[in-house]
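Residue numbers (our numbering), protein chains in the order written: chain A, 96 to 733; chain B, 630 to 929.
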Amino acid sequence: MNRPDDTAYRADALIDEDIGEYLDRHRDKDMLRFITCGSVDDGKSTLIGRLLYDSRRVFADQLEALEADSKASGTRGAELDFALLVDGLAAEREQGITIDVAYRFFATEARKFIVADCPGHEQYTRNMVTGASTADAAVILIDARKGVLTQTRRHSFLCHRLGIRNMVLAVNKMDLVDFSQERFDAIEAEYRAFAEELGIERITAIPLAAVTGDNIATKSEAMDWWDGPTLIAHLETIPVRDQSSADAPFRLPVQWVNRPHQDFRGFAGQVAGGTVKPGDAVRILPSGTTTTVRAIPSFDGDRDSAEAGDSITLTLDDEVDCSRGDVIASADDPPQVADQFEATLVWMDAESLKPGRGYWLKLGTQTVTATIAEPKYEINVNTMAKLAATSLDLNAIGVVEVTTERRIVFEPYDTNPTLGGFVLIDKVSNQTVAAGMLHFALRRAQNVHWQATSVGREDHASLKNQTPRLLWFTGLSGSGKSTIANEVEKKLALMNRHTFLLDGDNVRHGLNKDLGFTETDRIENIRRIGEVAKLMTDAGLIVLTAFISPFRAERQMVRDMLPDGEFIEIFVDTPLEVAEQRDVKGLYKKAREGSLKNFTGIDSPYEEPQAPEIRVNTVDMTAEEAADYIVSRILPLK
Amino acid sequence: MTSRTHLDRLEAESIHILREVVAEAAKPVMLYSVGKDSAVMLHLARKAFHPAPPPFPLLHVDTTWKFRAMYELREKAAKDAGMELLVWQNPEAKERGINPFDHGPLHTDMWKTQGLKQALDHYGFDAAFGGARRDEEKSRAKERVVSFRSASHAWDPKAQRPELWNLYNLRKAKGESLRAFPLSNWTELDIWQYIMAENIEIVPLYLSQPRPTVERDGMLLMVDDERFPLRDGEEPQMRSIRFRTLGCYPLTGAVESEADTLEGVVREMLLTTTSERQGRAIDKDDSGAGMERKKVEGYF
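What follows is the structure, given as structure tokens:
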């Protein structure tokens, strides 16, 4: 097995002779993270296998396994199949495709590298976005026989959107086009024309053959017309992203407050931009309080300064209010604070975006509830065309409006990825369902202010001599929600409680008459009812609502709108057969006949509450008994 | 401004991960195996929370078959860091006398895999730090920094959450738990260099020294105590040996070596032709997919 004798890897002599000197040199290396984009057919895994092999990341025992594997399941006959070195999980080895992001490591004399190895098929857009989010550069593979393809455009577009500014166009399989310069030049020209449209500035195209190692670490003899760098030589010179953000204004998202004893209060986090030193004036956001940095204590003694990328602890001169989620920033150049944004969203979950549903939004160290409006448009990742869309499915990319329940500290993603990149998390499944990049705050947010009122919700409640509650009845159509809620309200009225019953049909005749029964409309229906109910509890009322409210996430959304303990979920637990048999309004019959679409329990799901405060069984109890039971559970309400 | 070296960047990233988990988990714990990776992880934790001690205990899932030198350092390291040390030995394995000589793969399953699950359930930990690295083994290359486990501790490679930027989704339902790997992006060489740069104490077994050994099934085993049953004709011999990884002494193969300094160890490592896990019998039982299968079952 011959490995290239190129300088990039010629370390052995020094290791043998003077290990101390070698280690000194290696310790000062920096680190570049890059992503490789391409499909199996482009030879991406072969390229990475080659990089590892050439840099001696492959040891004798692995090589033995590789030789055996190559014979058993390789695609290259008796030769080594480098792709088998990197296709890790058994499932993908059987299918011969790479289905997840894998991280690989190798080092040359000048640098350490972390490679995010990403599958290139359209259905793996989310994997590519994941790999691109931490990359300093992108290596985009092209099969020299095929030239610039739709997927090349897709990969370039995604990497550019994620903020990667250095693109390497690796024109692979040159051995299969007779190492033709003409062919290479034509591909490069075509790519540049397309890249210019996208605004990609820094492009380096390199002709190579991963299978034989030509122009990977060693200059190709077969392509003596090429006077540019080898792939490795070029990767050794690309600037690392952190370096540019050190010139930006100072930003420290606070991760954790360190309070070991009364006399020490430190704010720990990873610097997301700029530099800081003791004595610097800083502003704490979103509150806007200003103070001064006292010290940067560390395990190895106080530090003189810190910069973007460092994980540090700061102490401040004043006893200011500052906790996880706040951002400590340069006092004269602070980031913005807002609660409505335009953003690019990449959907990553099998369950589509539900406009209006509350998701957790995590940005930096801030986690808040956020809702997404119907997309302004979806982007076709192959043609870059803007398409009309009402939702986003798995792997779709769109531009949306995001509203957060409270103001967050942010910067546009292109200015500061740490304060502009976010993920959305489903509140029920806890899955990461989307990644997003903030563009800018919408002007509205700056112009609408909360009206501070002098008579507060406590005053309203105490005037009525009661504790506000929202009694949220949920259950199938025909389960008995309205009947029981009506009974409960009558009983409360007899006890001089001030109540109001919001009923599904009635609200749909007025406030929500513009809404239909699609999932999106159902979510908006519940959101509006939640807001109205919240205003009524602010006014001190005991509010009863009777809506099917089939989705857990929306019931959770309303629960989150109210102070702890005020939302009482009452599950009217009636089996579908029983409700259908009752069929008071004749709706089940219509749904079964197909003349009524999206009917809960028939062709639209009902998600049962997992831990309702109260559950009533209408098979064993009459409506009156159920109402008595509920009232007994919620009293005294004073 | 000077540009940061790869060790600076790795250190900052690991500290960020440690702090995120502590900020969001209800009851975190650090799995401490006394090996070199654990030593680095513990050191990073001390840096992350300085001047406070790391706000979680150390947990050693013990098999009773570790090298004696490991038990000695275990106590000292916890004391130096000002942390509580929890030791868990699977009571069932203890009662049935499970050992590596008579029980083969069952030894690892009962003491380590089952033992770990028992310990996490017993104490109610919802997040556990582990010292695994992505460069160790092929199936680990795709492991997330934060890996989600079901209530039965199962790992489903298809259900792992996407991880973007440095944003980790640490949300979970009751009963579910997380494993977090602060050293995900470190290589073996990075670990050694950091140990040298930061002067981190490691078990002396990593350095070469004459030790009593027997050769068995192609592996060089150290006779660490009197429980080692010698086969007919086996006679312990003194050889200059060291270990590249440390586990249960009857399962951990030594390499013959003259490297008695850290520099010497790194020199040998760089010139070596076998990969790190080769000295461990554990990955090899039933061929290539060994580690992937173990992870699905809940092994760390």
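The beta carbon of each residue, even a glycine, is placed where N, CA and C say it ideally should be.
Where residue i sits in the DSSP three-state scheme
i, result
"L732(A)", "coil"
"E116(A)", "helix"
"E724(B)", "helix"
"K676(A)", "Just to set this straight, residue 676(A) is Gln in the shown sequence, not Lys. The answer is helix: DSSP assigns Q676(A) an H, G or I state."
"A186(A)", "Unreliable placement is indicated for A186(A), whose pLDDT of 49 sits below 50; no coordinate value is reported for it."
"I831(B)", "coil"
"P734(B)", "helix"
"H689(B)", "strand"
"P373(A)", "coil"
"R297(A)", "strand"
"D137(A)", "helix"
"Q541(A)", "Only weak support exists for where Q541(A) lies, its pLDDT of 49 falling under 50; the coordinates are left without a value."
"G226(A)", "helix"
"G191(A)", "The predicted model places G191(A) with a pLDDT of 44, which falls under 50 and marks its position as unreliable; any figure quoted below should be read in that light. Note: G191(A) maps to coil in three-state DSSP."
"E553(A)", "helix"
"A536(A)", "strand"
"N475(A)", "coil"
C-alpha distance - residue i paired with residue j, whole-angstrom precision
i, j, result
"E212(A)", "R336(A)", "One point to set straight first is that residue 212(A) is Asp, not Glu, in the sequence displayed. Whole-angstrom Cα-Cα distance: 19 Å."
"L566(A)", "K372(A)", "54 Å"
"L589(A)", "V583(A)", "10 Å"
"H751(B)", "E402(A)", "42 Å"
"P302(A)", "A363(A)", "46 Å"
"T220(A)", "H250(A)", "9 Å"
"A634(A)", "I709(A)", "24 Å"
"R564(A)", "I729(A)", "9 Å"
"N814(B)", "E204(A)", "19 Å"
"H255(A)", "I474(A)", "14 Å"
"A722(A)", "F568(A)", "12 Å"
"K314(A)", "W320(A)", "11 Å"
"P344(A)", "A424(A)", "8 Å"
"M630(B)", "G368(A)", "Reliability fails at M630(B), whose pLDDT of 40 lies under 50, so the model's placement of it is uncertain and the value that follows must be treated cautiously. Approximately 13 Å, taken between the alpha carbons."
"R654(A)", "G733(B)", "53 Å"
"E649(B)", "V210(A)", "24 Å"
"E291(A)", "L571(A)", "56 Å"
"A674(A)", "E719(A)", "18 Å"
"P811(B)", "A757(B)", "11 Å"
"Q705(A)", "L799(B)", "21 Å"
Opening and closing residue of the alpha helix (DSSP H) in which residue i lies
i, result
"Y700(B)", "R697 to A710"
"Y752(B)", "G744 to Y752"
"Q651(A)", "R647 to M656"
"Y683(A)", "L682 to E688"
"S776(B)", "Careful: S776(B) lies outside any alpha helix (DSSP H), inside the beta strand (DSSP E) at V775 to R778."
"V626(B)", "There is simply no residue 626(B) to check, as chain B begins at 630 and stops at 929 in what is shown."
Beta strand (DSSP E) segment containing residue i, residue limits
i, result
"T408(A)", "S406 to L411"
"R896(B)", "Segment L891 to L900 is the alpha helix (DSSP H) holding R896(B); no beta strand (DSSP E) there."
"A424(A)", "V422 to S425"
"I870(B)", "Q866 to R871"
Contact set between residue i and chain A, taken where Cβ atoms lie within less than 8 Å
i, result
"S692(B)", "The residue you asked about is not Ser; residue 692(B) is Thr in the sequence shown. Here the premise fails: no neighbours, minimum Cβ distance about 25 Å."
"N814(B)", "Y198, F200 and I209"
"Q822(B)", "L118, H121 and R122"
Residue i: contacting residues in chain B (beta-carbon distance under 8 Å)
i, result
"R739(A)", "Since the displayed chain A opens at 96 and closes at 733, residue 739(A) lies outside it and no answer follows."
"S727(A)", "In chain order: nothing, as chain B lies at least about 28 Å away."
"I110(A)", "R896, L899 and L900"
"G404(A)", "R633, D637, R638 and A641"
Within chain A, partners of residue i - CB distance below 7 Å
i, result
"V895(B)", "I114 and L118"
"D764(B)", "F200"
Residue i CB to nearest heavy atom of the ligand ZN below 8 Å
i, result
"H751(B)", "Absence of the ligand ZN is noted for the structure shown, with no ligands found whatsoever."
Partner residues on chain B for residue i, Cβ-Cβ distance less than 9 Å
i, result
"N95(A)", "Nothing about residue 95(A) can be reported from this structure: the residues present for chain A run from 96 to 733 only."
"V224(A)", "P791 and L793"
Residues in the stretch 377-393 of chain A with C-beta within 8 Å of chain B's C-beta atoms, listed in sequence order? P392 and S393
What residues from the stretch 503-535 of chain A come within 8 Å of chain B, judged by C-beta to C-beta, listed N to C? P512, T513, G516, F517, V518, I520, N525, Q526, T527 and A530
Which residues, in order along the stretch 346-362 of chain A, keep a beta-carbon less than 7 Å from a beta-carbon of chain B? Q350, W351, N353, P355 and F359
May I ask you to list, following chain order, the residues of the stretch 649-666 of chain A that have a beta carbon less than 8 Å from some beta carbon of chain B? none
Between the stretch 680-709 of chain B and chain A, which residues of the former have CB atoms less than 7 Å from a CB of the latter, in chain order? P680 and A681
Listed in chain order, which residues of the stretch 632-650 of chain B have Cβ atoms closer than 7 Å to some Cβ of chain A? S632, R633, T634, H635, L636, R638, A641, I644, H645, R648 and E649
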